[in-house]
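All remarks here apply to the structure that follows.
Residue numbers (my numbering), protein chains in the order written: chain U, 1 to 566; chain F, 1001 to 1322; chain D, 2001 to 2335.
As structure tokens, then:
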């Protein structure tokens, strides 16, 4: 009997083993299209989303965020917390344990030395690492044993999941990058173009700004995955063409970030070859109010700086009226469809951080008019309100993008109904979002009254995001117009909350503080007028299975689970 | 009436009854014979009038949004599709925000035509001047042609961004946002598209100036200015005409590409090129939105082309006599 | 003619150096920042560090000098090394793109074949169609052929490629499914079948580009032929009994070629520059696509190198055109 069961077991094992092996690569080829082409496969040298996401197929972090924003271990055995002893009580260190038996795609073992090296690589003072902020406050990284590594912080970190967490800070192989530290980093073209990783795929050929050919990693930790033997990652073109290639012609299996008008996307989906999918993260399209005077009559040291308060936007009634006049539901309908939700929050998610602030969702033009009347802004004969010789005439700028121009047209119309005159301006995105202090058109310089763009935060913790609005953190001539407090908002009470949030580790208190700060910026001061909580729309072909859209990490986070639906 | 009188009458030379007519009358007579040119000319006149006074006839505000009446199809779609959403209030339909297409075509046409003509004339005058000078005066040939090479190799996008950075504030302050941007765009398009004309005119002049009639003109002491005006320019008119037609189209399209890149007119300022570019993603659902501005550009260019053909024939004395 | 060519070639060197300086200064003056595509979530201090790592902290003249040395001294060595397996350039700093941190020239070498295939082919196709159309339209001026040719070419010319490209994709890729809408740059031609695949993916971009070329060249050809057909020498040639085809195709054609040669020569640098919009629409990874990418990313070393290479071609082809004038019209003398 015993022998028989042993034999059976052996038969079963031999029968199963080939089956398991046959799984890897059994589904042939998969095609991915990103309309922005990847330039480099080393996320530490480029902050671009396209580069981070394409690299996420090859190199992996210790842990990732899942579609709900929860932390899941990848290379790590488990996510360290205070409860399981991985994070020290005083919040000054975090200890990660690697899974045992992990191998790089070249067959060598993954050790804690690689993790330590990754930190050294990014923290090198001459390296110009794009993800340096992830390593903010890291004092040292210590190797405890082959599989254990301990990160020490120079102060208590309520959120210790900066380094080695998420697509932005994956682990790179020490052996491959040993000679690429600091100023030498860009010279290691071969390593930057084909990093050796632990992910489901390995790079066969990389044509920068064009296409990557990959094949399944023979040493991937799950012997049954990935299901695809080869993968083509094509980049370039525009969102329309990418959507068409998946939804209408079926040439590609997955298209990333289809920023298309809802009617265009719906029409494409009728092609029947694929399905659009949407998920929400923390990206909010918003109007930023300039609290300082951008008038060209002022000299360069005063224009758009705190020295000159804005002639009319410093009046909260005006800002509130501007917000009340906007019909956010219509904006969503016109611009985003299923990929957008009207919002009044700067922090729209994760749900625990989102305030239940919904006052702004109904448009109230009559109310806005009445409020302006009461505040003394009298309607002039030209249909523009004025008070003490100051006319409500707004210069409203944004980057060039079809949806943003539609928004501009709609908002201009609503504002004209409350007696506000609007001049529109659209700017080239590479100038607008660039930080060139010589250009008058950057979003930091803010030589306009109102500007519109979208911003979000990395991961699930909004602390750094909310800390941007600290007094003195505004772009100004002395700081070469670098700074994150775009509105030039300044409130000592708010600064106190920033400090408090930095000290608090209790999650419930953190949620409460974040909500309070969010409300101070939005419904209490109307410094920021959020418009739309923008989701991500991507599309996959009907024959591609296993896709779970994730907005908190790389979209390709679970590419090892992708398979062909027969 | 006697027989002799008749004889004498027959013998008499026909006295010219008309007063001696000017060269320009000949030109006009020849031009009139050219049907294509007449049609092109009148169509151009029509379209110019339409964009100039159309605003007073069709009084809908082109920027007026009417979201309930969005995506209205042009009235003619009702012929083959009874269910189509059509309205007499919007004979050419509306866009995705409910802006009236006809009003936009009229206002957009004015900008496009103005940009096209001014930029084309600017490019043509720079190009012809440089081409003639380089071709005729050997000493100027080297420097001017190397300058042409230089301008040819400048990338247009950074050039525009520089121009915007340097001049937009002043122009906006002096002329207002729209006119200021107009001057900037016309200037940049004009300044970056004269090189082909210059090179072609130069190449023709190089060949012409060795011809006998020029040598003859020079030998009787005609001044270079007069040679250029009276003898050379009339002979290079045909490549100039071709450049003009192509230049008009190029200017209108370049303007749309500029708006597309975010360095053109403000977004609430329609032009044909921009309407065309904006409509491309929806062209399978609403083909009229690309067809109408596309047709407007094409027909304008086509009519300028025919007009140019007729003018060239009319101005060519060799053809005119026949 | 030979001395003229040599003199012009020698003169071209300072001209090109000056052009490179002007391009460099223009790019410096233009607003823009290589960090524009880095997400807003990356804090400004980190961006500043990244800029320093790109070498942006150094003064202007140092950066220009570095580029000149790299372009005129190191890159030729690399080319030499690649051809003969030598190691002159080993360890020397090449021109690195800010975007990919890899040598710009490697990318050019990778992309040039696609551009030559697609854009070059379309140029040849366009000229081959344009010349007969231009000649015949002029010979039979105002005939039905001439009128319809004029009509079609002018419509083709006045409709921009950002419209014709998607239109062709709509019709032939989406509706009919004949051709792929995305150019496969990893495709290798090694037998008849793969050649057919290559042809199929090339047809649409070639058609779009050829339409533009055809329109332009045929207009110049026609106008120039018309000028010459009425000249006295044509009457003389006919009067002395030469066959009509010799009169038109030898005497008139040769004299009409001067403006056409100029237009063609002016267009050739454009081939190497790629057809920017068409390459983007069909996702052909050519030089035009590279230039546009670099422009949007403010990748100055790439933009500088690419525009300068196009400038070299412009100067060279204008020289070739000048020499050709002399061949076509022996009366033109530069000496």
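For each residue, glycine too, the CB sits at the ideal point set by N, CA and C.
Keep in mind the model is a prediction, meaning the values are calculated, not measured.
* **Beta-carbon separation (whole angstroms), residue 2291 (chain D) vs residue 2303 (chain D), contact threshold 8 Å** => 7 Å
* Among U:366, U:93, U:110 and U:92, which has the Cα closest to the Cα of residue 99 (chain U)? -> U:110
* Whose Cβ in chain U lies nearer than 8 Å to the Cβ of residue 2022 (chain D)? -> By Cβ distance, chain U contributes nothing, its closest Cβ being about 18 Å from residue 2022 (chain D), past 8 Å.
* Identify every run of the beta strand (DSSP E) within the segment 218 to 277 of chain U, keeping only runs that are complete inside it and at least 3 residues long; order them along the chain. => 230 to 235
* To do: Return yes when the Cβ of residue 72 (chain U) is within less than 8 Å of the Cβ of residue 63 (chain U), no when it is not.
  => yes
* When the distance is taken between beta carbons, is residue 65 (chain U) closer than 8 Å to residue 553 (chain U)? -> yes
* Asked: So, helix, strand or coil for residue 2296 (chain D), using DSSP?
  -> helix
* Take residue 22 (chain U) and list the residues in its own chain whose beta-carbon comes closer than 8 Å to its own, dropping the five residues that flank it on each side. => With a pLDDT of only 48 at residue 22 (chain U), under 50, the local geometry of the prediction cannot be trusted, and the value read off the model is given with reservation. Here the set comprises nothing.
* residue 428 (chain U) vs residue 405 (chain U) beta-carbon contact at 8 Å -> no
* To do: Name, going along the chain, the residues of the segment 38 to 60 of chain U whose beta-carbon falls closer than 7 Å to a beta-carbon of chain D.
  => 39, 40, 45, 47, 48 and 49
* Separation of residue 2137 (chain D) from residue 2254 (chain D), as counted between CA atoms -> 17 Å
* Straight-line gap, residue 2107 (chain D) to residue 2113 (chain D) (C-alpha atoms, nearest Å) -> 11 Å
* To do: Return the first residue and the last residue of the beta strand (DSSP E) that residue 526 (chain U) is part of.
  => Run containing residue 526 (chain U): none; DSSP gives neither H nor E here.
* Asked: Would residue 84 (chain U) count as contacting chain D if we go by Cβ distances under 8 Å?
  -> no
* Asked: By Cβ distance, which residues of its chain are closer than 7 Å to residue 1128 (chain F), with the 5 residues on each side in sequence left out?
  -> 1197, 1201 and 1240
* Given that a residue counts as buried once 16 or more other Cβ atoms are within 10 Å of its Cβ, and exposed if not, what is residue 249 (chain U)? -> buried
* Assigned secondary structure, residue 31 (chain U) (DSSP; H/G/I helix, E/B strand, else coil) -> strand
* Distance, Cα to Cα, residue 481 (chain U) vs residue 445 (chain U)? -> 6 Å
* Does residue 1280 (chain F) get closer than 8 Å to chain D when you measure Cβ to Cβ? -> yes
* To do: Pick helix, strand or coil for residue 96 (chain U), following the three-state DSSP scheme.
  => strand
* Boundaries of the beta strand (DSSP E) in which residue 394 (chain U) is found, first to last residue -> 393 to 399
* Below 7 Å CB to CB, which residues in the same chain sit around residue 1294 (chain F) once its five sequence neighbours on both sides are set aside? => 1276
* **C-beta neighbour in chain U for residue 1144 (chain F), strict 8 Å** => no
* To do: Give, in chain order, every residue of the segment 2291 to 2311 of chain D whose Cβ lies closer than 9 Å to some Cβ of chain U.
  => 2293, 2294, 2295, 2296, 2297, 2298 and 2299
* Asked: Taking residue 497 (chain U) as the reference, which of U:506, U:520, U:61 and U:486 has the closest Cα?
  -> U:520
* Asked: Mind pulling the chain F residues with CB within less than 7 Å of residue 2216 (chain D)?
  -> 1246
* Collapsed DSSP secondary structure at residue 2139 (chain D) in the structure displayed -> helix
* Which residues in chain D sit within 9 Å of residue 232 (chain U), going by Cβ to Cβ distance? -> 2184 and 2186
* To do: Mind listing the chain U neighbours of residue 1173 (chain F)? Cutoff is C-beta to C-beta under 8 Å, in chain order.
  => 296
* Work out the CA separation of residue 2217 (chain D) and residue 1057 (chain F) for me, nearest whole Å. => 41 Å
* When the distance is taken between beta carbons, is residue 282 (chain U) closer than 8 Å to residue 167 (chain U)? -> no
* Asked: List, in order along the chain, the chain U residues whose C-beta lies closer than 7 Å to that of residue 1236 (chain F)?
  -> The premise fails here: residue 1236 (chain F) is roughly 39 Å from chain U at the closest Cβ pair, so nothing lies under 7 Å.
* Asked: What residues in its chain sit with their C-beta under 7 Å from that of residue 1022 (chain F), if we drop five residues either side in the sequence?
  -> none
* **Inter-residue Cα distance where the pair is residue 206 (chain U) and residue 234 (chain U)** => 10 Å
* So the alpha helix (DSSP H) residue 374 (chain U) belongs to, where does it begin and stop? -> 365 to 374
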